[in-house]
Amino acid sequence: MIFLALVSLKKQDPVEEWEVPPFVTLIVPAHNEEHTIAETATSLASIDYYYNGEINYELIVCNDGSEDRTGEELAKLKDKFPHLRIITRVPPRSGKGKGFVLNDALEISRGEIVGVFDADAKVDPDFLNIIIPYLNDPNVQGVQSRIKMYNKEENWLTHMQHVELAGFGNTVRAKDILGKAGFLGGNGQLVKKDAIYEGGGWDGFAITEDLNLSVKLMIEGSAIRYCGETWVYQEAVPTWRQLFRQRARWAIGNFETLFIYGTKIIRSPMPVFRMFGVLEHVAFYGLNMLVFFGFIVFGINLIGWVFFNNVTVLRMDAPLVVGILSAFGFFPGAVITLTRDRVGFFELIYGLIGYWLYSFHLIPLFFITVYQMLTRKERTWAKTVHTGDDEMDEVVNEDIPIGEIEGK
């Protein structure tokens, strides 16, 4: 961890502007997003990206069988933004999964570069002008922007998620510097359309279709960049219950990808640094569970040594050593992450201690994830409902047979 933290201090490889900027398609899958979809669509449709005086991108919002006012909210925007295309997936085609939604939108897209955003995304007007140059390289097939939480001040938990994703961005920045092993997230990713087709499209059955696509691209020798100069704002979940449900889904996706592609990653022709970056990423939740379990072993033994005459309470040398060594990597890495955002001294201390305590959720998360993997019977699109200031919750769509797309 400390190695990646130090590497992140280096400058990334420079990028070059396109002689002719490529036409871009932005896709937003939406299911029951009446509270946020209008603001998201307005933000994405207001990007300042022109060529020869004309808008050089299209925005496709794919309304996947919504049962609320998502469709009505989108209809209000059609006349205001001529480059906005609204696609409605209806039963029995709708409700199968995010990957299927993206593949349907891909089929009607006109851009040579495709961006994917969640239904709570907000960006600055110069987003595309900053990030598109990262793709002006024949070896680079994708790029991921930084992610920030727009409701980070709502409570302690949302603030820690903001710090967490800042740390993730710092790590991916280091992997980009070492071997261009950035990873595509579900929000703020851009990929060359040809590469998506060559990778077989998005896997509709994958829990984390973005991670799945990232690994497939890099196995084939492609590079993925990370752009920290621009970012996407999204909504952090405000309760522990919602966090565990969301992160368990992410963790299952990571383990699923590791089990399916682990040997292919090792046997692939990708450079060594990229290979280790990929393996570390897909094994993230297991590795970090071990680290924080080591912290617990260390803490229990520290109490025994100080208060009970050097009594070793738990004789578990491996986790103990991992916990001690990881402390030397965790805190310097967290300091670099927080200072990159130019925080003050007290906010730095608050962030360090808070993030360290917050990260212990990885231990119960590991066991929750294993339990869900062993008891899971079917695959459906589980999504976090984005409701702005309202209470958020998790929903799972019912399985519905295949049907037609309206508005194609």
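The sequence shown maps to residues -11 to 396 in the numbering used here.
Note that the Cβ used here is the ideal one computed from N, Cα and C, for glycine as well.
Keep in mind the model is a prediction, meaning the values are calculated, not measured.
Determine the direct distance from the alpha carbon of residue j to that of residue i, and round the result to whole angstroms.
i	j	result
P121	G292	56 Å
I351	I288	16 Å
S54	L199	25 Å
N175	K136	11 Å
E27	F69	13 Å
W190	V104	11 Å
V358	D114	42 Å
L90	Q360	26 Å
G59	D1	42 Å
F243	L275	11 Å
K181	I101	5 Å
K110	T24	10 Å
D52	P79	9 Å
W228	G188	36 Å
N117	Y37	6 Å
I96	F88	13 Å
E217	F295	49 Å
P259	L65	46 Å
D378	E5	Confidence in D378 is poor, its pLDDT being 39 and thus under 50, which makes the residue's placement too unreliable to answer from.
D112	I119	12 Å
S222	D106	Before going on, a small fix: residue 222 reads as Gln here, not Ser. Cα to Cα, Q222 sits roughly 8 Å from D106.
L201	L246	13 Å
In the DSSP assignment, find the unbroken beta strand (DSSP E) run with residue i in it and report its ends.
i	result
Q398	For residue 398 there is no data in the structure shown, the boundaries of the chain being -11 and 396.
L62	First-last for L62: 58 to 63, but that is the alpha helix (DSSP H), not the beta strand (DSSP E).
M263	It is not in any beta strand (DSSP E) - M263 instead sits in the alpha helix (DSSP H) that spans 260 to 270.
D52	45 to 52
R73	72 to 77
L172	Premise fails: L172 is in no beta strand (DSSP E) and is neither H nor E.
Taking the alpha-carbon of residue i as reference, which of the options has the nearest alpha-carbon?
i	options	result
F319	I341, V331, G332	I341
N44	F11, A63, H19	F11
I165	Q234, Y359, F(-9), L275	F(-9)
I356	T325, G332, A236, P257	A236
H19	D56, Y37, G41	D56
T363	A271, S256, P259, I240	I240
R213	N139, Y185, Q129	Q129
V179	G332, I254, G167, T13	T13
E61	N40, S31, V16, E22	E22
D92	T245, I35, P17, P257	P17
Does the distance from the C-beta atom of residue i to that of residue j stay below 8 Å?
i	j	result
G192	G85	yes
N143	A(-7)	no
Y249	V203	yes
A183	L153	no
C50	R77	yes
L326	V151	yes
Q234	V225	yes
R73	L47	yes
A211	S(-4)	no
Q132	G173	yes
F354	H269	no
V426	N124	The chain is shown only over -11 to 396; residue 426 falls outside these bounds and no answer can be derived.
H71	A29	no
R262	A169	yes
A322	G155	yes
M148	Y338	no
At which residues does the alpha helix (DSSP H) containing residue i begin and terminate?
i	result
I184	181 to 186
P352	350 to 363
T251	228 to 255
A18	Run containing A18: none in the alpha helix (DSSP H); it sits in the beta strand (DSSP E), 12 to 18.
G342	333 to 346
Q. Can you list the alpha helix (DSSP H) stretches of 4 or more residues lying completely in the region 93 to 163, in chain order?
A. Positions of the alpha helix (DSSP H) runs, each at least 4 residues long and wholly inside the region 93 to 163, are given as 115 to 119 in order along the chain.
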